[in-house]
Structure formats: C-alpha cells, structure tokens
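Chemist: Provided herewith is a single structure, encoded as structure tokens, for subsequent inquiry.
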C-alpha cells in the first residue's frame, strides 16, 4: 500500500499544537502518520466511513475502508494514519498497552471530573505541558503527513508484531 492514493486529499493535521482551540476533522482529512511503541490501537467506526492506513514492521502496507460496524486493529510500533471519507464520520478509538503508556497521556493532560456529564468550563492544560506529554506517554510522530511516497520509507523499527487491519462487521 502506498500513500499516493491519499495525498491529493490530505493536508497537515488540524489538531492544534496548543490545547484549548477547537478543531474539526473534515472529509478528506485525518491524522498524520504516527505510531505508539507500546500501545495497541483499535478503531471502531460508528458512522460514515474511515480509511485506515497501516504499515507493519516488515514494510508490508495495507489500507482498508471501514464503515459502520467495522473494526480495525493496529499492533504496537506500527506506523498508521486514517482519513475521513464521508462527512459526519465517527470513530470510537481504544488504546491498550502496559501501565504507564498511552492512557497516562490523558491522565496527565486531563483533570478529574467533579460530576457526571460535560464540563461547564473546559479544562485546558498549559502549553508547555501539552508539548512534552505526548512523547513521554507513547504518542510518537512517524514523519510528515501522507506524502508522495510509501509509508515504508518513513519508519523502520524493531518488533515481532505484524500489522493487520482486521475488518469485522456487526451487521
């Protein structure tokens, strides 16, 4: 799988470097190529369509279009990215790893809720904290946005795991 297919529609991530600013991921956009050295990631699509790009550690590349009810699994240490293919697409994402990894990212940037429901005033971490926490807790950028080259040129890392996009439908 190469990233050329995605490039004409792909721009840099709109997720701002500083917290507290709203952002939207629109049709044709997604997240930059990144990896989690110690965390497995699951994508479950609840609405719309999301294209998942994954490279295994041996250079094999896959892309799959996930639609409602489909499930994609990305092993740890595998570069991956996604792109929204339809407006109003929604993903339920789950990350699982050993203690002290990706879930600590949210613990360090968040604040405990005092009651159930949405916060009345958003909790915004300080910019210096937001700048150092991601890499400390297993969120590592793996290169530029999907560029005019294969994902395999962007990263090579040691691991025994092979990436596999598993698509299962609940329909």
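In full-length UniProt numbering, the protein residues as written are 1 to 171. Note that CB positions come from ideal geometry on N, CA and C, so glycine has one too. Note that the structure is predicted; figures quoted are calculated from it, not measured.
Between the Cα of residue 39 and the Cα atoms of 74, 81 and 66, which residue gives the shortest distance?
Modeler: Here residue 39 refers to the residue found at position 39 when the chain shown is read from its first residue. Nearest C-alpha to residue 39: 74.
Chemist: Among 87, 111, 128 and 56, whose alpha-carbon lies nearest the alpha-carbon of residue 121?
Modeler: As a working mapping, residue 121 is identified with position 121 in the chain shown. Of the listed residues, the one whose Cα sits closest to residue 121 is 111.
Chemist: In or out: residue 128 buried (at least 16 other Cβ within 10 Å) or exposed?
Modeler: Position 128 of the chain shown holds residue 128. With fewer than 16 Cβ atoms within 10 Å of its Cβ, residue 128 is classed as exposed.
Chemist: Run the CB neighbour count on residue 87, radius 10 Å, all protein chains shown included, and call it buried at 16 or more, exposed below.
Modeler: Position 87 of the chain shown, counted from the first residue, corresponds to residue 87. Classification for residue 87: exposed.
Chemist: With hydrogens ignored, establish whether the beta-carbon of residue 44 is closer than 6 Å to any heavy atom of the ligand ATP.
Modeler: This structure lacks the ligand ATP; in fact it carries no ligand of any kind.
Chemist: In the structure shown, what three-state DSSP assignment does residue 87 receive?
Modeler: Along the chain shown, one-based indexing puts residue 87 at 87. Coil, per DSSP.
Chemist: For residue 84, count neighbouring Cβ atoms within 10 angstroms of its own Cβ and tell me buried if that reaches 16, exposed if not.
Modeler: For this step, residue 84 is matched to residue 84 along the chain shown. Counting Cβ neighbours within 10 Å, residue 84 comes out buried, since at least 16 surround it.
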